[in-house]
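Engineer: I have a structure I would like to understand better, so I am pasting it below and will then ask my questions one at a time.
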Amino acid sequence: GMRPHKCQVCHKAFTQTSHLKRHMMQHSDVKPYSCSVCGRGFAYPSELRAHELKHEKGQENVCVECGLDFPTLAQLKRHLTVHRGPTLYRCTECQKTFQYPSQLQNHMMKHKDIRPYICSECGMEF
1 GMRPHKCQVC HKAFTQTSHL KRHMMQHSDV KPYSCSVCGR GFAYPSELRA
51 HELKHEKGQE NVCVECGLDF PTLAQLKRHL TVHRGPTLYR CTECQKTFQY
101 PSQLQNHMMK HKDIRPYICS ECGMEF
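Quick note: the sequence shown uses the UniProt record's numbering, first residue 1, plus one each step.
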């Protein structure tokens with residue numbers, strides 16, 4: 001069928017504007033879905049689930065704060081405590097708190113409402 005909504009970054013085409021908007025998140029820094037284990041952010045729930053499965057299988061035990069790789073999830077969890085502050089990291093915009101700096105940084109992108117892409121067809125910002 002017709003796919004009139006085209007991504008200006010990678011040229012993938014979509015049937016609906018809402019699908020293009022969702023797709024554009026992968027080209028931006030907005031990653032609203034955070035891993036409960038390591039704090040890494042993802043643009044889509046499916047990406048988060050795939051990542052969490054890697055933790056469960058012991059394939060993905062890299063610290064997002066410093067890049068160290070651990071043989072087990074338990075060791076990664078124990079290590080992550082060194083990055084935790086004495087208090088939680090608090091968002092100055094909405095007062096939500098996070099355990100790790102990377103989670104707060106990721107969250108702050110939502111408040112900035114950064115829309116780096118302007119559609120040449122309709123002028124909408126993403």
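In this text, a Cβ means the ideal position worked out from N, Cα and C, and glycines have one as well.
#1: If you count every other CB in all the chains shown that lies within 10 Å of the CB of Val82, and 16 or more means buried, which is it?
#2: Would you mind sorting Lys31 into buried or exposed? The rule is 16 or more other CB atoms within 10 Å of its CB.
#3: To test your reading of the DSSP string, which unbroken alpha helix (DSSP H) runs of 4 or more residues are found completely within the stretch 29-92?
#4: Applying the criterion that 16 or more other CB atoms from any shown protein chain within 10 Å of the CB defines a buried residue, is Ser18 buried or exposed?
#5: To the nearest angstrom, how far is the alpha carbon of Pro71 from that of Ser102?
#6: Would you tell me roughly how many angstroms separate the C-alpha atoms of Cys63 and Asp69, rounded to the nearest one?
#7: Taking the beta carbon of Ser34 as the centre, do at least 16 other beta carbons fall within 10 Å, making it buried, or is it exposed?
#8: Using the Cα positions of Pro4 and Thr15, report the straight-line distance between them to the nearest angstrom.
#9: Taking Gln8 as the reference, which of Lys112, Gln26, His79 has the closest Cα?
#10: Starting from His5, follow its DSSP beta bridges and name the residues at the other end.
#11: I'd like the span of the alpha helix (DSSP H) that includes Met109, first residue to last.
#12: Would you please state the rounded distance, in angstroms, between the beta carbons of Tyr100 and Glu65? I believe it to be under 8 Å.
Structural biologist: Answer, in terms of the structure:
#1: exposed
#2: buried
#3: You should have 45-57, 73-80.
#4: Exposed, since its Cβ has fewer than 16 Cβ neighbours within 10 Å.
#5: 22 Å
#6: 6 Å
#7: buried
#8: 6 Å
#9: Gln26
#10: Phe14
#11: 101-112
#12: 6 Å
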